[in-house]
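Written out below as structure tokens is the structure these notes cover.
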Amino acid sequence: MIIKPRVESLELQLLRSLNMRMNLTEKETNNYINLEKGFIGEQKFDEWLEPLPDNFLILNDLLLETSNTTFQIDSLVISPDAINIFEVKNYEGDLIVENENWYTRTGTEIQNPILQLKRCETLLRKLLQQFGHNHTIQVYVVFINPEFYLYQAPLDLPIIFPTQINRFMNKIKLKSLQLKDKHLKLSKQLLAMHLTDSPYKRLPNYDYEILKKGITCEHCHSLNTNYKDRMVVCYDCGHIETHKDAILRSVEEFKLLFPDKKITTSVIYDWCKSNIQKKLIQKILSTYFEQISSGRFTYFIHRDN
Ligand SMILES: [Zn+2]
Numbered sequence: 001m002i003i004k005p006r007v008e009s010l011e012l013q014l015l016r017s018l019n020m021r022m023n024l025t026e027k028e029t030n031n032y033i034n035l036e037k038g039f040i041g042e043q044k045f046d047e048w049l050e051p052l053p054d055n056f057l058i059l060n061d062l063l064l065e066t067s068n069t070t071f072q073i074d075s076l077v078i079s080p081d082a083i084n085i086f087e088v089k090n091y092e093g094d095l096i097v098e099n100e101n102w103y104t105r106t107g108t109e110i111q112n113p114i115l116q117l118k119r120c121e122t123l124l125r126k127l128l129q130q131f132g133h134n135h136t137i138q139v140y141v142v143f144i145n146p147e148f149y150l151y152q153a154p155l156d157l158p159i160i161f162p163t164q165i166n167r168f169m170n171k172i173k174l175k176s177l178q179l180k181d182k183h184l185k186l187s188k189q190l191l192a193m194h195l196t197d198s199p200y201k202r203l204p205n206y207d208y209e210i211l212k213k214g215i216t217c218e219h220c221h222s223l224n225t226n227y228k229d230r231m232v233v234c235y236d237c238g239h240i241e242t243h244k245d246a247i248l249r250s251v252e253e254f255k256l257l258f259p260d261k262k263i264t265t266s267v268i269y270d271w272c273k274s275n276i277q278k279k280l281i282q283k284i285l286s287t288y289f290e291q292i293s294s295g296r297f298t299y300f301i302h303r304d305n
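According to UniProt numbering, the sequence shown is numbered sequentially starting from 1.
Encoded structure:
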């Protein structure tokens with residue numbers, strides 16, 4: 001049973017948008033690509049978790065804090081006999097393990113994911129103890145990509161390789177114990193403790209003027225789109241979207257990038273920079289948003305605000 005579903009992080013959404021609309025540095029681009037790849041890997045892992053019976057409580061992307069230290073868990077699965085933490089890695093290519101150090105084929109050292117996971121385990125144990133829980137915690141690094149190989153991996157590492165996921169899931173499914181109230185209570189406590197992260201301070205510097213304007217493609221995110229006959233068409237991948245959906249999506253993107261700016265017809269008309277007539281944009285905004293008149297100008301807010 002999914003208690004906390006996985007959604008795209010704000011940071012990924014923002015970087016995806018900035019990647020299309022400005023020139024990112026190499027480091028920023030790599031960070032963006034890693035987030036995209038990581039999210040794809042996590043979604044693949046979610047497909048594996050989906051068939052688990054209801055006596056498994058799943059909480060995805062938890063951000064928790066204990067003793068002034070925050071830690072993030074890709075997937076936490078409460079099963080009747082244990083709390084399982086999964087760190088999902090969507091690595092491709094080869095890595096080599098030497099003692100506690102992990103290297104690429106070219107000899108560049110990378111962060112040891114096992115140590116990262118052990119840190120999570122320690123912090124989670126500490127947090128649970130504060131609430132009087134003493135469940136068994138099991139941790140796993142899941143390598144989800146079949147194009148990955150790990151040389152010299154010691155047998156005792158808590159690793160699940162792509163070819164083992166199926167067997168692993170079948171094995172844990174066999175444990176058909178009943179969940180107790182304490183498990184449900186724990187899942188609710190963890191959900192309540194989840195912190196909301198603000199990614200804005202980690203983003204590259206940007207302002208409205210430097211960003212490329214236009215409607216991005218819903219599918220491939222390209223700005224190479226055109227409006228015709230109430231449809232927005234992508235010249236790069238051929239994806240077609242109704243102008244209404246494309247404008248509403250563009251408004252959300254604008255709001256995400258500029259949470260303090262007001263949504264007006266002129267602002268969105270300039271942001272979309274397409275041949276969609278201004279009055280059509282106004283019609284869509286006034287249909288789907290609440291209209292606020294303030295002196296000489298009118299702006300729009302979400303109806304549920
Ligand atoms: Zn496209």
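By construction, the Cβ of each residue, glycine as well, lies at the ideal position given by its N, Cα and C atoms.
query                                                                                                                                                     : result
If you draw a straight line from the C-alpha of D181 to the C-alpha of S187, how long is it?                                                              : 10 Å
At a cut of 8 Å, does the region 64-84 reach the region 11-18 through at least three beta carbon pairs?                                                   : no
Take every Cβ of the region 144-163, pair it with every Cβ of the region 96-105, and state whether three or more of those distances are shorter than 8 Å. : yes
From A82 to I165, what does the alpha carbon distance come to, in whole angstroms?                                                                        : 18 Å
Between M1 and Y206, how many whole angstroms is the CB-CB distance? I'm expecting something under 8 Å.                                                   : So it is not a contact: roughly 40 Å between Cβ atoms.
Give me every residue whose Cβ sits closer than 5 Å to any heavy atom of ligand 1, in chain order.                                                        : C217, H219, C220, S222, C234, D236, C237 and H239
Since P80 and K173 are thought to touch, with beta carbons under 8 Å apart, how far apart are those beta carbons, to the nearest angstrom?                : With 8 Å as the limit, P80 and K173 do not qualify as a contact, their Cβ atoms being about 12 Å apart.
Which two residues bound the contiguous beta strand (DSSP E) that contains M231?                                                                          : M231 to C234
Since Y151 sits in a beta bridge, which residues does DSSP pair it with?                                                                                  : I96
Could you check which residue in I247, Y288, Y208 and P113 has the C-alpha nearest to that of Q277?                                                       : I247
CA-CA distance, Q282 and V77?                                                                                                                             : 46 Å
Name the DSSP bridge partner or partners of K228?                                                                                                         : M231
Using the Cβ count rule (16 or more neighbours within 10 Å means buried), how would you classify K262?                                                    : exposed
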